[in-house]
Amino acid sequence: GESVGLHLPTLSVQEGDNSIINCAYSNSASDYFIWYKQESGKGPQFIIDIRSNMDKRQGQRVTVLLNKTVKHLSLQIAATQPGDSAVYFCAENAGNMLTFGGGTRLMVKP
Amino acid sequence: DAGVIQSPRHEVTEMGQEVTLRCKPISGHDYLFWYRQTMMRGLELLIYFNNNVPIDDSGMPEDRFSAKMPNASFSTLKIQPSEPRDSAVYFCASSPTGGIRAAFFGQGTRLTVV
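First to last, the sequence lines map onto chains A and B.
Here my numbering is used: the first residue of the first sequence is 1, the next is one more, and so on.
Here my numbering is used: the first residue of the second sequence is 1001, the next is one more, and so on.
See the structure below:
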């Protein structure tokens, strides 16, 4: 029979709107968090990181928010563009091992 | 810097054959990771090295899988014998000590075992 794969949550946004992608992490000992973008046929690409002693970090068009109380991470993309269409993964780092979340697919409508 | 380089990009092999995947990490990075990505399980860490020494191989599925890092600029992941369920995309990643601890990924090797 047909195997059942991971069902990726999908976020569909209009070009030019802001996108917010959420992630819940599991390990309260994690002290470093990263967002990755993965386009079809490519490896995960580093977008932005944040250490656990911070609650917000901004990059170019992207902002990461960290809420350690509820173990929640979010990625905000301003003025979303068609080139932002991809699967986005959060990753948590405790020690030297990265553990990845399941990913969210972002689809940008022109 | 050319980034993490993996070869081959695609590999199709018959069940029972030996498969060797190769990785060249970013120069100066002393951590190297092997990941496997499937639709069923997402991204899984198989093994990682620090300064060429295997640190944690608890993610290696079974004895058919082995990884080596003979020097700072080269690592291999070997599957012998290969099985259809090994079909996946295998990624190599490297990271430096301290500072930005994010792993930087290669383009991956898509393995199909028939």
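We treat Cβ as the ideally placed atom computed from N, Cα and C, and that holds for glycine.
Cβ neighbours of residue i in the same chain (closer than 7 Å, five flanking residues each side left out)
i	result
F1091/B	Y1035, Q1037, F1105, G1106 and G1108
D1086/B	I1079, L1111 and V1113
V4/A	With a pLDDT of 44 at V4/A, under the threshold of 50, the modelled position of that residue is not reliable, and no figure is offered here.
A29/A	A94
V70/A	none
A86/A	K37, Q38, E39 and L106
R1064/B	I1079, Q1080 and P1081
M54/A	L66
Cα-Cα separation between residue i and residue j, rounded to whole angstroms
i	j	result
L111/A	M1015/B	Summary: the structure shown does not reach residue 111/A, with chain A confined to residues 1 through 110, and so no result is reported for it.
E2/A	P1084/B	In this predicted model, E2/A has a pLDDT of only 37, less than 50, meaning its place in the structure is not dependable; the value taken from the coordinates is given anyway. Taking the straight line joining both Cα atoms gives about 15 Å.
H72/A	E1018/B	42 Å
L1032/B	Q81/A	33 Å
V1089/B	T1013/B	14 Å
N67/A	N22/A	11 Å
H1029/B	P1081/B	31 Å
K19/A	P1070/B	A small correction: the amino acid at residue 19/A is Ser; Lys does not occupy that position in the sequence shown. The straight-line gap from Cα to Cα measures roughly 44 Å.
A79/A	S52/A	27 Å
Q14/A	N1051/B	46 Å
T1097/B	D1056/B	16 Å
I1026/B	A1103/B	10 Å
F100/A	N27/A	12 Å
Pair within 7 Å by beta-carbon distance, residue i and residue j
i	j	result
I50/A	V62/A	no
K1024/B	S1066/B	no
A111/A	I34/A	Here chain A has residues from 1 to 110 only, and residue 111/A is not among them.
G1042/B	G102/A	yes
Spatial neighbours of residue i in its chain, beta-carbon cut-off 6 Å, leaving aside the 5 residues before and after
i	result
P9/A	T104
L65/A	K56 and S74
R1022/B	S1007 and T1076
L1046/B	W1034, R1036, G1059 and M1060
S12/A	M107
Close Cβ partners of residue i (< 8 Å) along its chain, the five nearest in sequence each way excluded
i	result
R1101/B	S1095
R45/A	What sits at residue 45/A in the sequence shown is Gln, not Arg. Contacts found: Y36, K37, Q38 and E39.
Cutoff 7 Å: residue i Cβ touching any chain E Cβ
i	result
D49/A	The structure shown contains no chain E; the protein chains it does contain are A and B.
Bridge partner(s) assigned by DSSP for residue i
i	result
K1078/B	T1020/B and S1066/B
R51/A	Y32/A
N22/A	S74/A
Whole beta strand (DSSP E) elements within the stretch 66-106 of chain A, 3-residue minimum:
72-77, 86-94 and 97-100
**Item:** Whole alpha helix (DSSP H) elements within the stretch 1005-1034 of chain B, 4-residue minimum
**Value:** none
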